[in-house]
Amino acid sequence: MSGWVKIAGLGPGDKALVTPEVTQSLAEATDVVGYIPYVARIAERPGLTLHVSDNRVEIDRSNHALKMAAEGKRVVVVSSGDPGVFAMAAAVFEALENGPNEWRNIQIDVLPGITAMLAASARAGAPLGHDFCAINLSDNLKPWSLIEKRLRLAAQGDFAMGFYNPRSKSRPQGFERTLGILREECEPERVIIFARAVSRRDETIKFSTLADATPEMADMQTVVIVGSSRTRIIERNLKPIAYTPRFTPE
């Protein structure tokens, strides 16, 4: 087949954080497919068709991309951050597995991007400097009971944690419950970082502790990083720095 699909990560927001590989693929594409605000980041040009869709139709979007590639089009499926982290890569492969056999002959490449969690960590210092995990707090695609289990096990394992989709208008109670679980498992002085709109003009980075954190400090544009018991903050005249040491004593 002459068509192809590239699943691309656009990074957290700043154009400077889009990789050259992604930029080159967008220049070669005939079609771009993605969620409305992500496609809005792509400049229009002759020969390029932009296909926008809502947030909860990932499989429909993936089917559309694969169908166009099977017809010979060069398709880029865009995500924010990295497409393999709570994003479109898994959705495209799910559609591929369940689609027509001929789709399996399509060239498909995943182009990595800078995740919101890693961009947030870099802004704060190095809070993910030792073992860490990422947890999506949305219960749209998995039950809350599983989220709670993973939160407790991660806290008991003393991982630093990065939380995606912490608090939406339709389910604000989820992050409140998350803080409650963490307070049962962790010490009150545990470092928490609220990184909102990282790399964009309205970026804010707030340092807190588990004792002082409130649900209202997070929204859907926020990545929340919870340190391990070893994470510390270096106070200085400039902005503070959070980091987790690379070693753990026996």
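Our numbering applies: residue 2 is where the sequence shown begins, and numbers increase by one. For every residue, glycine included, the Cβ atom is placed at its ideal position computed from N, Cα and C. Only a predicted model underlies this, so the values are computations on that prediction, with no experimental measurement involved.
Tell me where the alpha helix (DSSP H) around residue i begins and ends.
| i | result |
| --- | --- |
| THR179 | 174-186 |
| MET162 | First-last for MET162: 161-165, but that is the beta strand (DSSP E), not the alpha helix (DSSP H). |
| VAL33 | No alpha helix (DSSP H) holds VAL33; the beta strand (DSSP E) holding it covers 32-36. |
| ASN99 | 89-99 |
| LEU142 | Note, LEU142: premise wrong, no alpha helix (DSSP H); not H, not E. |
Output the distance between the C-alpha atoms of residue i and residue j, rounded to the nearest integer angstrom.
| i | j | result |
| --- | --- | --- |
| LEU252 | ARG231 | No statement about residue 252 is possible, as the shown extent of the chain runs from 2 to 251 and does not include it. |
| VAL86 | ARG62 | 17 Å |
| LYS170 | GLU251 | 43 Å |
| ALA70 | PRO246 | 46 Å |
| LEU183 | GLN222 | 21 Å |
| MET1 | TRP5 | With the chain covering only 2 through 251, there is no way to say anything about residue 1. |
| PHE195 | PRO189 | 16 Å |
| ARG202 | LEU18 | 14 Å |
| ARG197 | GLN157 | 27 Å |
| ASP32 | ILE206 | 36 Å |
| THR249 | LEU147 | 28 Å |
| THR179 | CYS187 | 12 Å |
| GLY175 | PRO167 | 7 Å |
| SER26 | ALA212 | 46 Å |
| ALA88 | VAL192 | 27 Å |
| THR24 | ALA91 | 21 Å |
| ILE235 | PRO241 | 6 Å |
| ALA44 | GLY14 | 14 Å |
| GLU98 | ALA121 | 33 Å |
| ALA155 | LYS74 | 43 Å |
Our contact map puts residue i next to residue j with C-beta atoms below 8 Å; I'd like the distance itself, whole angstroms only.
| i | j | result |
| --- | --- | --- |
| GLY100 | LEU67 | 6 Å |
| ASP83 | THR50 | With 8 Å as the limit, ASP83 and THR50 do not qualify as a contact, their Cβ atoms being about 25 Å apart. |
| ALA123 | GLY163 | That pair is no contact at about 12 Å. |
| GLY10 | SER80 | 6 Å |
Label residue i either buried or exposed according to how many other C-beta atoms from any shown protein chain fall within 10 Å of its C-beta, with 16 as the threshold for buried.
| i | result |
| --- | --- |
| ILE37 | exposed |
| ASN238 | exposed |
| VAL34 | buried |
| ALA41 | exposed |
| GLU59 | buried |
| ASN64 | buried |
| GLY114 | buried |
Give the range of the beta strand (DSSP E) segment to which residue i is assigned.
| i | result |
| --- | --- |
| MET69 | Segment 59-71 is the alpha helix (DSSP H) holding MET69; no beta strand (DSSP E) there. |
| ILE115 | Element bounds for ILE115: n/a, residue is neither H nor E. |
| PHE133 | 133-137 |
| ILE107 | Element bounds for ILE107: n/a, residue is neither H nor E. |
| VAL77 | 75-80 |
| LYS240 | Where LYS240 is concerned, there is no enclosing beta strand (DSSP E), given that its DSSP letter is neither H nor E. |
| SER54 | 50-54 |
| ILE226 | 223-227 |
| THR20 | THR20 -> no beta strand (DSSP E), and no H or E assigned at all. |
When DSSP builds the beta bridges, which residues end up paired with residue i?
| i | result |
| --- | --- |
| THR205 | ARG197 |
| VAL192 | THR210 |
| GLY130 | Bridge partners of GLY130: none, in fact. |
| ALA9 | VAL79 and LEU112 |
| ILE234 | ALA243 |
With a threshold of 7 Å between beta-carbons, can residue i be considered close to chain D, or not?
| i | result |
| --- | --- |
| VAL53 | Considering every chain present, this structure includes no chain D. It has just one protein chain. |
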